[in-house]
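The structure appears right after this line, and notes come after that.
Numbering (this note's numbering), first residue to last: 93 to 464.
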C-alpha cells in the first residue's frame, strides 16, 4: 500500500532517546533561533526517576493520507470580520485548488488493540468505532514529523483506538487562521467519511490544545455538531501569557517566555505579519479563536485536562477548569463536565514523556475515553 510504513519494533514514549544513568537532560525545543537559548539559557530539566528502559514496546502501522476539502458551500460566518475574511479567502483558494500545501493527515493504529479490517482506512471499521483526532503542538510550527510515529502508536495502544492526526500548516508561511482552517477541514472530512461526532475524541497537546479548543469554539460559532469529548495535555490557552505561572515557573519549565513585543514570540509567529502596535496586538490575542481561555465555555463537551505543577502553563489550565466548573459543572448524563489532573514536579516536557505518562497519565485518560 502506498505511503504505508510498517513499524516492527517501536520503543515506548521516546525513552530510548534518554541516556541510562543520566541525572539530567538538556532539552531544546528544536528552534534554531538564538533568542531562545539567550532568553531561557537552555533549561536543564531533571529526569524522571522512573524513566528507565523497561518500557513495553509497541508495534503498529501508520500512513499519510492526502485529502480534500469536502464543503460544497462556504461554511464560515462568524462575528469577527478579520478572521471571517481570512477563513473565506482560505476556503475559496481551497475550492479552486490553489491553496498552498493542501490537506493531509496521519492514520495510526497499534497492533495491540486487535482491530479487524483495514486499520488504515479513513472510514469507520464498525458502526460505533470511536477514534482519537490528535492535534500535535510544536509551538504552532510543527504539526507532524516522522519521528512522532512512536507517539501516535503509543496513544493508539494505550487508549485502544485508532488515531487520526491532521497535518496542519502553520508558522510564518501559513499565518492564522490557516492551522485552525486545516483542522476544521480535517474534522469535516472525517464526518464525510462516515464518522459521527459522537465517535470522535479530540486530543490536543500543548499548542495543539489551543487548536483543539479553538476548533470546538469554531464549531459552536458555525452551529456545527461537536465531538463527544476533548483531552487537553499541557494546553497553551492564553497567548497573552499573562498568568503568574509564566513567571513563577520560568526556571522550572522548558518553555521560554519570549514577550509578545518580540517579533519571534510564538504568538507572533503563529499570527503572522501585522502592522498592529504592541498594545493592539496584545488586545487582539484576547480573541477566543487565538486564546480559547476567553471563549464560550458553555458549548464544550466533556473535557479532561492534564498539566504539570512546574509548567508555565499551569495557572491558565487551572483557570480554564474553574471556568468550566462554574458555567457547566455537570453534563446531561450527570458526569462532571471537566476533570483536572496535575502532576507534582513535572514541567511541560517531562509530563508527556517516559514511564510517568504510561503509569500515571494514560490509565485515567483511557478511563475517561471509555465513559464517553
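Beta carbons are placed, not taken as given, at the ideal position from N, Cα and C, and that holds for glycine.
Reduced DSSP secondary structure (H/G/I, E/B, other) of residue 201: Residue numbering aside, residue 201 sits at position 109 when the chain shown is read from its first letter. In the structure shown, residue 201 adopts extended strand secondary structure according to DSSP, grouped into three states.
Helix, strand or coil at residue 466 according to DSSP, with G and I counted as helix: Residue numbering for the chain in the displayed model covers 93 to 464; residue 466 lies beyond these limits and cannot be assessed.
Residues bridged to residue 212 (per DSSP): Within the chain shown, residue 212 is the residue found at index 120, counting from 1. Answer by DSSP bridge pairing: none, since residue 212 is not bridged.
Local conformation of residue 351 per DSSP, three classes: Here the question's residue 351 lines up with position 259 in the chain shown. Looking at residue 351 - three-state DSSP - the assignment turns out to be coil, as it is neither helix nor strand.
The segment 213–221 in contact with the segment 257–270 per 3-pair CB rule at 8 Å: no
Between the CA atoms of residue 322 and residue 288 - distance to the nearest angstrom: Numbered from 1 along the chain shown, position 196 holds the residue referred to as residue 288. Numbered from 1 along the chain shown, position 230 holds the residue referred to as residue 322. Roughly 15 Å separates the two Cα atoms.
Sequence-distant residues of its chain with Cβ nearer than 6 Å to residue 211 (five each side left out): Taking the first residue of the chain shown as position 1, residue 211 is located at position 119. Hits under 6 Å: 201.
Collapsed DSSP secondary structure at residue 134 in the structure displayed: By one-based count along the chain shown, residue 134 stands at place 42. Confidence is the limiting factor: at residue 134 the pLDDT is only 30, short of 50, which leaves the residue's position unreliable, though a coordinate-based value still follows. Coil at residue 134, not helix or strand.
Inter-residue Cα distance where the pair is residue 319 and residue 291: Here residue 319 is taken as the residue at index 227 of the chain shown, counted from 1. Here residue 291 is taken as the residue at index 199 of the chain shown, counted from 1. For residue 319 and residue 291, the gap between their C-alpha atoms comes out near 7 Å.
Residues bridged to residue 430 (per DSSP): As a position in the chain shown, residue 430 is number 338, starting the count at 1. Paired residues: 395.
Cβ contact (3+ pairs, closer than 8 Å) linking the segment 171–187 and the segment 266–281: yes
Cβ pair count under 8 Å reaching 3, the segment 384–394 against the segment 359–368: no
Sufficient close CB pairs (3 or more, under 8 Å) joining the segment 339–351 to the segment 304–314: no
Same chain only: Cβ atoms within 7 Å of residue 413, ignoring 5 sequence neighbours per side: Here residue 413 refers to the residue found at position 321 of the chain shown. Cβ-Cβ distances below 7 Å link residue 413 to 397, 430, 432 in the same chain, with the five nearest sequence neighbours on each side left out; the list follows chain order.
Separation of residue 206 from residue 435, as counted between CA atoms: In the chain shown, residue 435 corresponds to position 343, counting from 1. In the chain shown, residue 206 corresponds to position 114, counting from 1. One C-alpha to the other measures close to 31 Å.
Residue 277 versus residue 162: straight-line alpha-carbon distance, rounded: Sequence index remark: in the chain shown, residue 277 carries index 185 (1-based). Sequence index remark: in the chain shown, residue 162 carries index 70 (1-based). In a straight line, the C-alpha of residue 277 is about 8 Å away from that of residue 162.
Chain-order list of residues whose beta-carbon lies under 7 Å from that of residue 420 (same chain, five-residue window excluded): Here the question's residue 420 lines up with position 328 in the chain shown. Excluding sequence neighbours, residue 420 sits near 389, 390, 429.
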